[in-house]
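Have a look at the structure below before the remarks.
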Amino acid sequence: MPIWTTTPWTLPANQAVALNAEIDYMLFEGPPRNGQRALIVVAEPLFSAVGKRYGLAALFDVQGSSNYAVRGNSVKGAALTGAPGAALTQLKHPFYARTVPLILGEHVSAEDGTGAVHTAPGHGQEDFAVGQLYGLAVVNPVDGKGVFLPDTEQFAGQHVWKANASCHRYLARARRCCWRTPRCATAIRTAGGTARR
């Protein structure tokens, strides 16, 4: 699932991925990679732009490409995750060996990005507000000088602006980042199989 963020340095504090309950999302399945199903969930109004942004226009030709197949009809974000207090779909964190929930947030739009937003309640007003609704931890691994705390895995001692570059390098090595834009991707498990990571 391609995830939108304009602040890669906040990814170590990620606690969730937010969708909008009222946006239509599409699920596409591509050719298997490393024996795993390749699944992509994107807000329907942003699908063509996402394909072009990632340099995958041929793969994402909605009008007839055989490389990617639509899996079912589009569904509202509310159908992909639950309300506060419900059992939530879990996604793999892009850096760490843990999962984060897929949640709903009114701040998610279909104007830019992918329709899925990285959520770090310790680093933003909207993230904090939606985090409170879902009982998410408020994690802030950065000191008052803008430097990651010593126990911050992979980023300890780095200033947040330098950590942006480190995040991009890590995600690019893991093939979870488009070098042209400040976005990253993560995996989603579905009842029908496992998405590529």
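Numbering (the UniProt record's numbering), first residue to last: 1 to 197. Where is the CB? At the ideal position from N, CA and C, for every residue including glycine. In this text the structure is predicted, and so the values were computed from the model without any measurement.
{"Check": "Delimiting residues of the alpha helix (DSSP H) encompassing Ala-129", "Outcome": "125 to 134"}
{"Check": "Under 8 Å between C-beta atoms of Leu-136 and Leu-19", "Outcome": "no"}
{"Check": "Phe-155 (DSSP reduced to helix, strand or coil)", "Outcome": "coil"}
{"Check": "Contacts around Lys-76, its chain only, beta-carbon distance under 8 Å, and the 5 residues preceding and following it disregarded", "Outcome": "Ala-21, Glu-22, Ile-23, Asp-24, Tyr-25"}
{"Check": "Cα-Cα separation between Arg-169 and Glu-153, rounded to whole angstroms", "Outcome": "15 Å"}
{"Check": "Through-space distance from Gly-131 to Val-147, alpha-carbon basis", "Outcome": "23 Å"}
{"Check": "Range covered by the alpha helix (DSSP H) that runs through Ala-49", "Outcome": "47 to 53"}
{"Check": "Which listed residue (Thr-7, Ala-16, Glu-106) has its alpha carbon closest to that of Met-1", "Outcome": "Ala-16"}
{"Check": "Buried or exposed (CB count within 10 angstroms, at least 16 for buried), Pro-12", "Outcome": "buried"}
{"Check": "Residue from Pro-101, Asn-73, Lys-92 whose Cα sits closest to the Cα of Pro-84", "Outcome": "Pro-101"}
{"Check": "DSSP bridge partner residues for Ile-23 (one or two, in chain order)", "Outcome": "Answer is none; Ile-23 lacks a bridge partner."}
{"Check": "Where Val-62 falls, given that 16 or more other Cβ within 10 Å makes a residue buried", "Outcome": "Residue placement at Val-62 cannot be trusted, given a pLDDT of 49 that sits under 50; the coordinates are not used to answer."}
{"Check": "Cut-off 8 Å between Cβ atoms - residues of its own chain near Leu-149, not counting five sequence neighbours on either side", "Outcome": "Pro-141, Val-142, Asp-143, Ala-156"}
{"Check": "Three-state class that DSSP yields for Pro-121 in the structure shown", "Outcome": "helix"}
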